[in-house]
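Numbering (this note's numbering), first residue to last: 7 to 87.
Report on the following structure.
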Amino acid sequence: MTLEDRPPAPDAAGVGLCATCAHARRVTSARRSVFWLCERAATDPRLTRYPRLPVLRCPGYERLAGADEGRTGEEPREGRP
């Protein structure tokens with residue numbers, strides 16, 4: 007999945023790294039609550055399936071293809087808070 011295929015996040019700043027992570031999936035409940043599922047957590051015990059947001063650092067983070075291609079700046083730091 008590329009960034010263009012993913013539905014837009016209502017508040018990417020409030021989500022943090024999950025908004026641009028290849029392993030994150032946005033889940034909407036029957037009550038229309040939105041959660042972010044870390045699919046990498048199924049194979050990496052360091053990660054949480056539904057992390058507390060915003061995620062500012064993550065050892066499993068991999069940038070989604072097409073995410074922030076035009077931006078320059080600091081890369082995300084490793085390790086969760």
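C-beta: ideal position from N, C-alpha, C; glycine also.
What is the DSSP secondary structure of residue i, counted as helix, strand or coil?
i, result
"Cys64", "coil"
"Arg52", "coil"
With which residues is residue i paired in a DSSP beta bridge?
i, result
"Ala30", "Cys44"
"Ala22", "One point to set straight first is that residue 22 is Gly, not Ala, in the sequence displayed. For Gly22, which the question treats as bridged, DSSP gives the partners Val61."
Please list, in chain order, all residues of the same chain as residue i whose beta carbon is under 7 angstroms from its beta carbon, the five residues on each side excluded.
i, result
"Glu80", "Caution applies to Glu80, whose pLDDT of 45 falls short of 50 and renders its modelled position unreliable; the value that the coordinates give is listed next. The answer is none, since no qualifying residue turns up."
"Gly22", "Leu59, Pro60, Val61 and Leu62"
"Glu45", "His29 and Arg31"
Short of 6 angstroms in beta carbon distance, which residues of its chain neighbour residue i, apart from the five on each side in sequence? Order them along the chain.
i, result
"Arg52", "Pro65"
"Cys24", "Ala30, Trp42 and Val61"
Just the C-alpha distance for residue i and residue j, rounded to the nearest angstrom, thanks.
i, j, result
"Ala18", "Thr26", "9 angstroms"
"Glu68", "Thr34", "22 angstroms"
"Asp50", "Leu70", "18 angstroms"
Spatial neighbours of residue i within its chain, please: C-beta separation below 8 angstroms, excluding the five flanking residues on both sides.
i, result
"Tyr56", "Phe41, Trp42, Leu43 and Cys44"
"Gly20", "Leu59 and Pro60"
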